[in-house]
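*Asks:* The opening position of the sequence shown corresponds to residue 3 in our numbering, with each subsequent residue numbered one higher. Just so it is clear, CB atoms sit at the ideal spot from N, CA and C, and this is done for glycine as well. Just so you know, these numbers come straight off a predicted model, no measurement behind them. Before I ask anything, here is the structure I am working with.
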Amino acid sequence: MRIDFDKILKTNAGYNNFVRDFRNGNLSRGYLLIGEDKVLRDEILARCIKMMFCTSDNKPCGVCSECVKVDNHNNLDVMYFGGDNFTKDDALRLKDECIVRPMAGDIKLLVVPNADAMEELTQNKLLKTLEELPTYIMVIMSVSSETMVLPTIRSRMRKVYVGSGEKAVVEFLSDKPYA
């Protein structure tokens with residue numbers, strides 16, 4: 003039996019909250035994706051980013067040039083920070099990127115895919131930047147637990163709980179007859 007992960011993700015409450023914000027033109031300037039399953043968080047993060055830049059009517063299509071650029075980390079208006087470890091230098095680089103306007107569109111997206119790796123001192127350096135984001139900047143951070151981020155940062159971000167991938171797969175499979 004082939005598992006339809008597109009269907010699983012589209013029934014994810016956190017993903018649907020982001021989709022609703024996007025469709026209503028009500029995107030926040032900061033999002034905190036929260037969930038224990040890193041694979042699920044990363045997939046939802048990628049789809050949210052593609053949705054913002056996709057040129058198709060059916061967003062995210064996953065095949066247009068902008069979706070492909072996002073997949074390949076080649077979109078000029080999407081910047082990734084951190085990696086395995088988010089350092090003080092990453093925080094300074096993120097702050098510097100806030101000064102630079104978007105290259106191709108109306109919004110520049112700054113992404114911290116592993117915000118779990120930020121130390122408290124680094125988070126404090128980032129706080130001032132998050133308080134004074136220009137209107138053309140949006141920040142998305144991904145964490146396993148909201149307790150990994152300082153309360154002062156959490157209060158400035160819209161929280162999106164993406165849940166557990168294992169639970170989503172089990173729920174999906176339980177609705178299907180066995181083949």
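(1) In the DSSP assignment, find the beta strand (DSSP E) that holds residue 81 and state where it starts and stops.
(2) If we call anything under 9 Å between Cβ atoms a contact, is residue 116 one with residue 85?
(3) Work out the CA separation of residue 128 and residue 68 for me, nearest whole Å.
(4) Less than 9 Å between the C-beta atoms of residue 61 and residue 88, yes or no?
(5) Taking Cβ to Cβ, would you say residue 159 is nearer than 9 Å to residue 110?
(6) Are there 16 or more other CB atoms within 10 angstroms of the CB of residue 124, so buried, or fewer, so exposed?
(7) Extract the residue ranges of the beta strand (DSSP E) inside the segment 63–115, only unbroken runs of 3 or more that lie entirely within it.
(8) If distances are taken between C-alpha atoms only, which option among 144, 72, 57 and 74 comes closest to residue 37?
(9) Can you check which of these residues, 95, 74 and 96, is closest to residue 52 by C-alpha distance?
(10) Secondary structure at residue 9, three-state DSSP: helix, strand or coil?
(11) What residue range is occupied by the uninterrupted alpha helix (DSSP H) comprising residue 25?
(12) What does the alpha-carbon distance come out to for the pair residue 56 and residue 31?
(13) Taking just the CA atoms, how far does residue 46 sit from residue 40?
*Replies:* So, to answer that:
(1) 80–82
(2) yes
(3) 29 Å
(4) no
(5) no
(6) buried
(7) 80–82 and 110–114
(8) 144
(9) 74
(10) helix
(11) 15–25
(12) 19 Å
(13) 10 Å
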